[in-house]
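Student:
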Amino acid sequence: MKRILFIVWLSIPLYVLANGKPVRNAETEKLYSQLKQLVADKQIMFGMSNPTTIGFTSGPHNPDYNTSDCKDITGDHPAFHESDFMWYEENPTFMEWDIRAMKEAYKRGAVLGYCWHLRGPASGHFYAMHNGEKSVDYDLVQKIVSNPDRQQNPTLDWYLSRIDDLAIPVFKELNCPIVFRPFHEMTGEWFWWGKQAGAENYIQLFRLTVDYLREQGIDNLLYCWAPDKFVDFSLYPGDDYVDVLGIDIYEPGMTDFYPKEKLIENLTILCDYAAAHDKVAAWTEVGCRPTDEGVSRYPEQYPDFWTTYVWDILTHYPQAGRVAWVASWYNADWKNDRSASPYIPYKGMKKKNSKKAIANFKKMYNYPNSVFEKDMKKRINP
Numbered sequence: 203m204k205r206i207l208f209i210v211w212l213s214i215p216l217y218v219l220a221n222g223k224p225v226r227n228a229e230t231e232k233l234y235s236q237l238k239q240l241v242a243d244k245q246i247m248f249g250m251s252n253p254t255t256i257g258f259t260s261g262p263h264n265p266d267y268n269t270s271d272c273k274d275i276t277g278d279h280p281a282f283h284e285s286d287f288m289w290y291e292e293n294p295t296f297m298e299w300d301i302r303a304m305k306e307a308y309k310r311g312a313v314l315g316y317c318w319h320l321r322g323p324a325s326g327h328f329y330a331m332h333n334g335e336k337s338v339d340y341d342l343v344q345k346i347v348s349n350p351d352r353q354q355n356p357t358l359d360w361y362l363s364r365i366d367d368l369a370i371p372v373f374k375e376l377n378c379p380i381v382f383r384p385f386h387e388m389t390g391e392w393f394w395w396g397k398q399a400g401a402e403n404y405i406q407l408f409r410l411t412v413d414y415l416r417e418q419g420i421d422n423l424l425y426c427w428a429p430d431k432f433v434d435f436s437l438y439p440g441d442d443y444v445d446v447l448g449i450d451i452y453e454p455g456m457t458d459f460y461p462k463e464k465l466i467e468n469l470t471i472l473c474d475y476a477a478a479h480d481k482v483a484a485w486t487e488v489g490c491r492p493t494d495e496g497v498s499r500y501p502e503q504y505p506d507f508w509t510t511y512v513w514d515i516l517t518h519y520p521q522a523g524r525v526a527w528v529a530s531w532y533n534a535d536w537k538n539d540r541s542a543s544p545y546i547p548y549k550g551m552k553k554k555n556s557k558k559a560i561a562n563f564k565k566m567y568n569y570p571n572s573v574f575e576k577d578m579k580k581r582i583n584p
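Count along the sequence shown from 1, add 202, and you get the number used in this note's numbering.
This is the structure:
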């Protein structure tokens, strides 16, 4: 019989709301079990942000939901697709294309996710600092959580209205299990919801978001908490509010600031907690970016990035490799001139060491523990 836990903050059960409805529907519970089984089977999904609608080959806004840089190289799409509500706020046409792409990806077997680089109402930015000074939305978290009465707190009303007008309609239209990753990288100070807002305020913001969505009847979500580089449980909203523990780590083990030992240590902490608390762990963002001086690293310097610095680490250090997926940031050729630095190789790539990078990505694709879209289709419908 399923063990019933209780949310102290609201004094309502974890699996059942005050109205008697479960917080997750049966299909979402099934996905949660499948993700846990992936970890148990030592299988890891390759994921990517907007893999079919943003790419080098197709351009930054692609209406064709069945093409991707990943498929061009391997013959298959990523198994995990994550989009961002930020794009929908900026471009209604792209929103239409991307929602269709997400629906088709789900039909093909993909697991879907959303994050949200939510821009502040006064600044129009999601960063805490702007032009070297504090953004006018620097204290936005404190304002949102300062008064729980929506009628008396205009900032809270603004925030909940964004959820009402954008997030909830998308969750309902997709009508399938979704991993929602709000307020990520809170261990840094670059977003207005970062650790400078204070742990208590951040936790309250995360919890009120989950509670509000549940109260509105949204039962197709798994909630993901994803710090940056270093796990800090002082900012953890609690087991009643988190299903997936993620972590964003770029240039993994490749810098003096974050050597391989730190990578393994933090992944292991995350995986240990997930295993002990019946959660799922995931490496929610990864990539090999240019240096601060703009010197490109991938594929020029590290064509073997996806094996040596990602998959081989997870395989050779199994205590750090108990993750359900690893997600690359998006391939975005914003200027349509191939000048940007990619995160995965793409068809026709002519940068230094391009052939080696393509061969390496294919090597990772052929690893027995890497899972792509077609593999997930087989797991879901054997």
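Backbone N, C-alpha and C fix where the C-beta goes; we use that ideal spot for every residue, glycine too. Note that the structure is a prediction, hence the values are computed from the model and not measured.
(1) Return yes when the Cβ of G249 is within less than 8 Å of the Cβ of F282, no when it is not.
(2) Count the other CB atoms within 10 Å of the CB of K537; is the residue buried (16 or more) or exposed (fewer)?
(3) Less than 6 Å between C-beta atoms, sequence neighbours within five positions excluded: which residues of the same chain meet that for G448?
(4) Given a threshold of 16 other Cβ atoms within 10 Å of its Cβ, counted over all protein chains shown, does F408 qualify as buried or as exposed?
(5) Buried or exposed: where does Q353 fall if 16 or more other Cβ atoms within 10 Å of its Cβ makes it buried?
(6) Expressed to the nearest angstrom, what Euclidean distance is found between the alpha-carbon atoms of P347 and D339?
(7) What's the gap between the Cα of L415 and the Cα of S337?
(8) Should E298 go down as buried or exposed, given a rule of 16 or more other Cβ atoms within 10 Å for buried?
(9) According to DSSP, is A476 part of a helix, a strand, or is it coil?
(10) Quick check on the DSSP output: the beta strand (DSSP E) that includes H518 runs from which residue to which?
(11) I need the DSSP call for A484, collapsed to helix, strand or coil.
(12) Would you kindly report the start and end of the unbroken beta strand (DSSP E) that includes W360?
(13) Contact defined as beta carbons within less than 8 Å: I believe Y329 pairs with F393. What is the distance between those atoms, to the nearest angstrom?
(14) With distance defined between alpha-carbon atoms, name the residue in F563, D480, P323 nearest to Y511.
(15) How about D445 and L424: do their beta carbons lie closer than 8 Å?
(16) Would you kindly report the start and end of the unbroken beta strand (DSSP E) that includes D577?
(17) As a quick exercise: from E495, Y500, V482, D480, pick the residue whose alpha carbon is nearest that of G489.
(18) Report the residue from P547, Q245, V381 whose alpha carbon sits nearest the alpha carbon of R524.
(19) Is Q418 near the ligand ADP - that is, is its Cβ less than 7 Å away from at least one heavy atom of it?
(20) Is it right to say I582 is buried, meaning 16 or more other beta carbons lie within 10 angstroms of its own, or is it exposed?
(21) Report yes if the C-beta distance between L376 and M304 is below 8 Å; otherwise report no.
(22) If you follow the alpha helix (DSSP H) that S556 is in, where does it begin and where does it stop?
(23) Look at G261 and D535 and say whether their C-beta atoms are less than 8 Å apart.
(24) Could you pull out every residue in the same chain whose Cβ sits closer than 7 Å to the Cβ of N355, ignoring the five residues on either side in sequence?
(25) Return the bridge partner residues of G315 from the DSSP annotation.
(26) Enumerated in chain order, which unbroken segments of the beta strand (DSSP E) with a length of 3 residues or greater are wholly contained in the segment 371-431?
(27) Can you find the residues in the same chain that come closer than 6 Å, C-beta to C-beta, to E306, ignoring five residues on each side of it along the sequence?
(28) Under 8 Å by Cβ, that's how I've got R491 and S543 pegged, so tell me the actual separation to the nearest angstrom.
(29) Taking DSSP as the reference, what is the three-state secondary structure of I246?
(30) By alpha-carbon positions, which one of E292, L342, T276, I256 ends up nearest to Y569?
(31) Let me confirm a value: D442 is counted as buried when at least 16 other C-beta atoms fall within 10 Å, else exposed. Which label applies?
(32) Measure from the alpha carbon of R226 to the alpha carbon of each residue in P520, F382, K553, V528, then state which is nearest.
(33) Output the distance between the C-alpha atoms of D278 and S436, rounded to the nearest integer angstrom.
(34) Where does the unbroken alpha helix (DSSP H) through W299 begin, and where does it stop?
(35) Could you check where the alpha helix (DSSP H) with L320 kicks off and where it finishes?
(36) Quick check: W360 and P323, are their CB atoms within less than 8 Å of each other?
Tutor: So, to answer that:
(1) Along the sequence shown, one-based indexing puts residue 282 at 80. Along the sequence shown, one-based indexing puts residue 249 at 47. Yes; because the gap between Cβ atoms is below 8 Å, this pair is in contact.
(2) On the sequence shown, position 335 is the one that residue 537 refers to. By the 10 Å Cβ count, K537 comes out exposed.
(3) Residue 448 sits at position 246 when you count from the first residue of the sequence shown. Taken in chain order, the residues that qualify are C426, A428, A484, T486.
(4) To locate residue 408, count along the sequence shown from 1; it is residue 206. F408 should be labelled buried.
(5) For the purposes of this step, residue 353 is taken as residue 151 along the sequence shown, with counting starting at 1. Per the 10 Å Cβ criterion, exposed.
(6) Translated into the one-based positions of the sequence shown, residue 347 becomes position 145. Translated into the one-based positions of the sequence shown, residue 339 becomes position 137. This sequence places Val at residue 347; Pro is not what is there. Between V347 and D339, the C-alpha separation is close to 14 Å.
(7) Residue mapping note: residue 415 aligns to position 213 of the sequence shown, counting from 1. Residue mapping note: residue 337 aligns to position 135 of the sequence shown, counting from 1. Approximately 28 Å between the Cα atoms of the pair.
(8) Counted from its first residue, the sequence shown places residue 298 at position 96. Burial call: exposed.
(9) Along the sequence shown, one-based indexing puts residue 476 at 274. Here A476 sits in helix by DSSP.
(10) Here residue 518 is taken as the residue at index 316 of the sequence shown, counted from 1. Here H518 belongs to no beta strand (DSSP E); instead the alpha helix (DSSP H) covers 514-518.
(11) Along the sequence shown, one-based indexing puts residue 484 at 282. Correct three-state label for A484: strand.
(12) In the sequence shown, counting from the first residue as 1, residue 360 sits at position 158. First-last for W360: 356-364, but that is the alpha helix (DSSP H), not the beta strand (DSSP E).
(13) Translated into the one-based positions of the sequence shown, residue 329 becomes position 127. Translated into the one-based positions of the sequence shown, residue 393 becomes position 191. The pair is a contact, with the Cβ atoms about 6 Å apart (cut-off 8 Å).
(14) Mapped onto the sequence shown, residue 511 falls at position 309. Looking at the Cα atoms, F563 is the closest of the given residues.
(15) Here residue 445 is taken as the residue at index 243 of the sequence shown, counted from 1. Here residue 424 is taken as the residue at index 222 of the sequence shown, counted from 1. The answer is yes: Cβ separation under 8 Å.
(16) Translated into positions along the sequence shown, residue 577 becomes position 375. Per DSSP, D577 belongs to no beta strand (DSSP E); it is in the alpha helix (DSSP H), 575-582.
(17) Walking along the sequence shown from the start, residue 489 turns up at place 287. Cα-wise, what sits closest to G489 is Y500.
(18) One-based indexing of the sequence shown puts residue 524 at position 322. Per the Cα distances, Q245.
(19) Summarising the ligand content, the structure contains no ligands, and the ligand ADP is consequently not present.
(20) The sequence position of residue 582 within the sequence shown is 380, counting from 1. With fewer than 16 other Cβ atoms within 10 Å, it is exposed.
(21) On the sequence shown, position 174 is the one that residue 376 refers to. On the sequence shown, position 102 is the one that residue 304 refers to. Their beta carbons are under 8 Å apart, which means L376 touches M304 by this criterion.
(22) Within the sequence shown, the letter at position 354 stands for residue 556. That run of the alpha helix (DSSP H) goes 556-567.
(23) The residue you call residue 261 lines up with position 59 of the sequence shown. The residue you call residue 535 lines up with position 333 of the sequence shown. It is a contact, given that the beta carbons lie within the stated cut-off.
(24) Numbered from 1 along the sequence shown, position 153 holds the residue referred to as residue 355. Cβ neighbours of N355 beyond the five flanking positions: S348, N349.
(25) Taking the sequence shown and counting its residues from 1, one reaches residue 315 at position 113. The partner list for G315 (beta bridge, DSSP) reads E284, V381.
(26) 380-383, 423-427
(27) Locating residue 306 in the sequence shown gives position 104, counting from the first residue. Y267, listed in sequence order.
(28) Taking the sequence shown and counting its residues from 1, the one referred to as residue 491 is at position 289. Taking the sequence shown and counting its residues from 1, the one referred to as residue 543 is at position 341. Contact holds; Cβ gap of about 7 Å.
(29) In the sequence shown, counting from the first residue as 1, residue 246 sits at position 44. In the structure shown, I246 sits in a strand (DSSP, three-state: E or B).
(30) Your numbering for residue 569 matches position 367 in the sequence shown. The shortest C-alpha separation from Y569 is found at T276.
(31) Here residue 442 corresponds to residue number 240 of the sequence shown, with the count starting at 1. Buried: at least 16 other Cβ atoms inside 10 Å.
(32) Taking the sequence shown and counting its residues from 1, one reaches residue 226 at position 24. Nearest option by C-alpha distance: F382.
(33) Counted from its first residue, the sequence shown places residue 278 at position 76. Counted from its first residue, the sequence shown places residue 436 at position 234. Answer to the nearest angstrom: the Cα atoms are 40 Å apart.
(34) In the sequence shown, residue 299 corresponds to position 97, counting from 1. First-last of the alpha helix (DSSP H) with W299: 294-310.
(35) On the sequence shown, residue 320 is found 118 positions in, with the first residue counted as 1. Careful: L320 lies outside any alpha helix (DSSP H) and carries neither H nor E.
(36) By 1-based counting over the sequence shown, the position of residue 360 is 158. By 1-based counting over the sequence shown, the position of residue 323 is 121. Cβ atoms of W360 and P323: closer than 8 Å.
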